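J.: Residue 993 is where the sequence shown starts when you use this note's numbering, and the numbers rise one by one after that.
We treat Cβ as the ideally placed atom computed from N, Cα and C, and that holds for glycine.
Note that the structure is predicted; figures quoted are calculated from it, not measured.
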Amino acid sequence: MITDPANEFNPADEAAGEAYLDLYHYFHPDPPILAALRQRVADEVASVQAGHVRYWNTVDALNQAWPQFVRLGVMDSKPEDIQAAQELFHYTEKRAGGFGLFNEFTGLWYHDASKVGSFEFWSRGNGEALAALATVLQWLPQNDPNRPEYVRVFQKMANTLRLVQRSDGFWNVDLLNPFDHPGPESSGTALFAYALGWGVNNGVLDAKKFTPTVTKAWHALTTKALQPNGVLGYVQGDAAGPRGAQPVKATDTAAYGVGAYLMAGQQVAKLTPGC
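(1) Alpha carbon to alpha carbon, how far is residue 1024 from residue 1208? Give it in angstroms, no decimals.
(2) Using a 10 Å radius around the Cβ and a threshold of 16 neighbouring Cβ atoms, would you call residue 1264 buried or exposed?
(3) Report the rounded CA-to-CA distance for residue 1017 versus residue 1004, giving the unit in angstroms.
(4) Quick check on residue 1260: buried or exposed, where buried means 16 or more other Cβ atoms within 10 Å of its Cβ?
(5) Along the chain, where does the alpha helix (DSSP H) that runs through residue 1260 open and close?
(6) By Cβ distance, which residues of its chain are closer than 6 Å to residue 1227, with the 5 residues on each side in sequence left out?
(7) Does the count of Cβ pairs from the stretch 1063-1074 and the stretch 1033-1042 closer than 8 Å reach three?
(8) Exposed or buried, residue 1220, counting other C-beta atoms within 10 Å across all chains shown (16 or more means buried)?
(9) State buried or exposed for residue 1201, treating a residue as buried only when at least 16 other CB atoms are found within 10 Å of its CB.
(10) Relative to the C-alpha of residue 1222, which candidate in 1254, 1231, 1229 has its C-alpha closest?
(11) Identify the residues that DSSP records as bridge partners of residue 1166: which are they?
(12) Using CA atoms only, rank isn't needed, just tell me which of 1022, 1065, 1015 is closest to residue 1032.
(13) Please specify which runs of the alpha helix (DSSP H), each continuous and at least 4 residues long, are wholly inside the stretch 1087-1160, giving them in chain order.
(14) Just grab the DSSP bridge partners of residue 1050 for me.
(15) Under the DSSP definition of a beta bridge, which residues are partnered with residue 1224?
(16) Taking the Cβ atom as the reference point for each residue, do residue 1101 and residue 1123 lie within a distance shorter than 9 Å?
(17) Tell me which residues share the same chain as residue 1258 and place their Cβ nearer than 7 Å to its Cβ, disregarding the 5 neighbours each side in the sequence.
(18) Would you identify the three-state DSSP class for residue 1064, choosing helix, strand or coil?
(19) CB residue 1014 to CB residue 1050, shorter than 9 Å?
(20) Pull up the distance between the alpha-carbon of residue 1175 and that of residue 1240, whole angstroms please.
(21) Tell me, please, whether the stretch 1105-1117 touches the stretch 1157-1175 by the rule of three or more beta-carbon pairs shorter than 8 Å.
(22) I need the straight-line Cα distance from residue 1118 to residue 1021, nearest angstrom please.
(23) Quick one: what's got a C-beta closer than 7 Å to residue 1128's C-beta in the same chain, skipping five residues either side?
(24) For the candidate residues 1078, 1134, 1130, 1161, whose alpha-carbon lies nearest to that of residue 1184?
(25) Leaving out five residues before and five after residue 994 in sequence, what residues of the same chain have Cβ atoms less than 7 Å from its Cβ?
(26) Using the C-alpha atoms, what's the distance from residue 1067 back to residue 1217?
(27) Inspect the beta-carbon positions of residue 1150 and residue 1093 and report whether they are closer than 9 Å.
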């Protein structure tokens, strides 16, 4: 796995690990396919146990790294992996930037320390957080003592997102500010559709309340974002907030947007059999 000498446990370097875990889960290749990931997680767990937790300093980090810790911990029966992940999550939620990146009043996440105290809540960043929570809840044992907190945050986010969804089914790139680069954006919308769909399908969210939110988002993605040539458009490019890679156009696409779209489709298919 890639190592950044300036940031030994850069969560972005760990993001590919989930793909290897999926390969292992579905196709059962030789165990060495996970050797590098296991070593990386073991090294970071040791660092956390030594008191170092300041590694996940952006909301993206939750989706980049958190699921790997939990999945390996469950698969290898290593509760220390899951506990280290909880300490890292707690740092991001409550301490990063001085007050934590999760805003309890809005039920949304700041992207990083520079945004704490502002009213800027980036769509894709929050989509990454909600998707990470869905993945972690999927794999985490039901009796894990930290599960209620993850469910609480997931549900709080979901309630806010239901209220601020646009009339066309998308979410604004700046979730609470429709005047900050208004227009459709697919990557955040697809991540929300995936995670909210997962929540409904697994009984974490009320189906009557949230199914319309998911189906409305899916309609927006399939009728507006999906272009006649098969390209998924309106995907905001590489950015760290609402104002990056603007303006977002129908021709703008990226692999992470397509991946989120496919994940959303998987949950919508379960939610609406025969659609």
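T.: This is what the structure gives:
(1) 43 Å
(2) Exposed.
(3) Each residue's Cα considered, the two are about 22 Å apart.
(4) Looking at its Cβ environment, which holds 16 or more other Cβ atoms inside 10 Å, residue 1260 is buried.
(5) 1247-1263 is the extent of the alpha helix (DSSP H) around residue 1260.
(6) 1178, 1179, 1244, 1245, 1246, 1249
(7) yes
(8) exposed
(9) Residue 1201 should be labelled exposed.
(10) 1254
(11) 1114
(12) 1065
(13) 1115-1131, 1139-1156
(14) 1104
(15) 1218
(16) no
(17) none
(18) helix
(19) no
(20) 8 Å
(21) yes
(22) 33 Å
(23) 1058, 1059, 1062, 1142
(24) 1161
(25) Confidence at residue 994 is low in this model, with a pLDDT of 46, below 50, so its placement is unreliable and no value can be given for it.
(26) 37 Å
(27) no
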